[in-house]
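In our numbering, the protein residues as written are 7 to 223.
The structure is reproduced here in structure tokens:
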């Protein structure tokens, strides 16, 4: 009986791993065939008893171009042309610039969506979440540890992805080592739009000083 139980456990574990692998490959295939994406997003930070909710529109384009336009509660802009990254706060007339290679920011993992990388390479120990329910009926939750962030200061200790039956990612939750979480929810994905490279460039307005180095929060 013990041997039978052990055999069943091994079979169940293998079946679970194959299911996760199949789903990860389906997500890879979906995004690796896209040239561009657009979505409305809501970003929610929870930590130290505080909660901050922001919203706007996101555009992504190969290779590794991003534009996050925040509209509420205040305007701000996060833009990458695939090499340089700008973070602009219009109300404070503050602009910071760095390179994508040096970027240590929770928004940066989104760049892999239109890359040629694999979820199983990006997230160690990729597995199905069984202790939580997805927000959408029929969706699946996966979790893993982001390889690029292991050991980094303020790094995420876990990333959760909510995936629809059509292999789209509609929610990403980043859990930091101190327990704080940043959740991105996406709605109304539009795929393969004609997006000009100019959308991912940024020219500082007159009188705004550019500070190069790490980006502000």
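Cβ atoms here follow ideal geometry from the backbone N, Cα and C, with glycine treated the same way. None of the values given here were measured: they were computed from a predicted structure.
The three-state secondary structure of residue 27, taken from DSSP, is helix. In summary, residue 134 is exposed, with fewer than 16 beta-carbon neighbours lying within 10 Å of its beta-carbon over all protein chains present.
Scanning its chain for C-beta atoms nearer than 7 Å, with the 5 sequence neighbours on each side dropped, one finds around residue 152 the residues 115, 128, 129, 162, 165, in chain order. Between the C-alpha atoms of residue 100 and residue 69 there is a straight-line separation of about 27 Å. DSSP lists 164, 187 as the beta-bridge partner residues of residue 181. Here residue 32 carries a helix assignment [DSSP, helix/strand/coil].
Three or more beta-carbon pairs drawn from the region 34-53 and the region 190-197 are found closer than 8 Å, and the two stretches are therefore classed as touching. In this structure, residue 132 lies away from residue 33, with their beta-carbon atoms at least 8 Å apart. Straight-line measurement puts the Cα of residue 179 at about 7 Å from the Cα of residue 187. A straight line joining the alpha-carbon of residue 207 with that of residue 39 spans about 24 Å.
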